[in-house]
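Taking it in order: structure first as structure tokens, then the write-up.
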Amino acid sequence: MKKTLSVAALSLTLSCLIAAAQNSAYWPDPSWKAPPAAVAQVNPLANRPELARGGRKLFLRNCAECHGKDGTGKAKKHSANLQFPAIQLQTDGELFWKITNGNTGREMPSFSKLPEPERWQIVMYLRELKPRSTSERREHINNGF
């Protein structure tokens, strides 16, 4: 009985923490879809994982203002939480297309002004934004990411 209550309390606590760490005002835009050719596009830098570090710098300079440093989207009311599975399950090509084209209806600007390799680096860094435990987050930050 005591163990069941502890598990239930832990589950409730974790659910509350997860909910608090997400942007509850965000909802995906079902009409913002990349064309099939973009979805199929492969990241030409995929075999260079060390470039994700540069992607982090680009993300902080260009994206964190709205999406927050951790990508949770809490910096602005309707910004996407980039840790959501709905974002993380998109292909690199989809993410690249969305970064390139933006979505003015959601106040997401186009970043087509950035050189193509830099946009691919941002995509690489987005893959680093999966939800983490607190200790993993600290280690991630301490390692320069």
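Heads up: the sequence shown at position 66 corresponds to 334 in my numbering, and the numbers run straight through without jumps.
The C-beta atom is built at its ideal place from N, Cα and C for all residues, glycine as well.
Remember, it's a predicted structure, so these values are computed and weren't measured experimentally.
Hey, residue i and residue j are a contact pair by Cβ (cut 8 Å); roughly how many whole angstroms apart?
i           : j           : result
residue 324 : residue 346 : Wrong, their Cβ atoms sit about 23 Å apart, outside the cutoff.
residue 362 : residue 302 : 4 Å
residue 320 : residue 393 : 5 Å
residue 335 : residue 348 : 7 Å
residue 326 : residue 337 : That pair is no contact at about 13 Å.
Does the distance from the C-beta atom of residue i to that of residue j stay below 7 Å?
i           : j           : result
residue 352 : residue 391 : no
residue 350 : residue 397 : yes
residue 414 : residue 367 : Given that the chain is displayed from residue 269 to residue 413, the structure contains no residue 414 and the question cannot be resolved.
Which residues in the same chain have their Cβ closer than 7 Å to the Cβ of residue i, if we skip the five residues on either side of it in sequence?
i           : result
residue 307 : 359, 361 and 362
residue 378 : 368, 369 and 370
residue 415 : The first residue shown for the chain is 269 and the last is 413, placing residue 415 beyond what the model contains.
Cutting at 8 Å between CB atoms, please list the residues of its own chain near residue i, excluding the five before and the five after it.
i           : result
residue 309 : 359, 360, 361, 364 and 365
residue 330 : 379, 382 and 390
residue 297 : 371, 373 and 374
residue 317 : 392
Does residue i come within less than 7 Å of chain D when only Cβ atoms are used?
i           : result
residue 366 : Protein chains in the displayed structure number just one, and chain D is not present.
Using a Cβ-Cβ cut-off of 6 Å (strictly less than) and excluding sequence neighbours within five positions of residue i, which residues of its own chain qualify?
i           : result
residue 380 : 368
residue 300 : 371
residue 322 : 389
*Does the stretch 334-342 come close enough to the stretch 305-313 to have 3 or more Cβ pairs within less than 8 Å?*
no
*In chain order, which alpha helix (DSSP H) runs of at least 4 residues are fully inside the stretch 317-405?*
320-330, 332-335, 353-356, 360-369 and 384-394
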